[in-house]
Amino acid sequence: MKFKDSFQKLTIKPGNKWFEQLPKLTFPKATPNPDVVLALKAESENLLDSETKLYQKLREIQKKQRHCMGKENITGWHPF
1 MKFKDSFQKL TIKPGNKWFE QLPKLTFPKA TPNPDVVLAL KAESENLLDS
51 ETKLYQKLRE IQKKQRHCMG KENITGWHPF
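Each residue of the sequence shown is one higher than the one before, starting from 1 at the first, in full-length UniProt numbering.
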């Protein structure tokens, strides 16, 4: 017997409505643990605060550099 013949014998032809025979699967909706939610919220707030502080510090540094560059251009003074 050839492989092609054996494959045809093992194949089952489905009916027109084969999908209706499939079982209906429902999964329970996962609810997150409140402690995990609060911990993630606190962590995100900490990250936002840190990012805000870093941004403000960067703005201060840029402002100082612009201020020093302005003095250098006028007086020839360089802070370094």
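For glycine and all other residues, C-beta sits at the position ideal for the given N, C-alpha and C.
Treat the numbers as computed from the prediction; the structure is a model and nothing was measured.
As assigned by DSSP and simplified to three states, the class of residue i
i: Asn46; result: helix
i: Lys63; result: helix
i: Leu54; result: helix
i: Ala39; result: helix
i: Pro28; result: coil
i: Pro34; result: helix
Closest residue to residue i among the options (Cα-Cα distance)
i: Pro32; options: Leu40, Thr26, Leu54; result: Leu40
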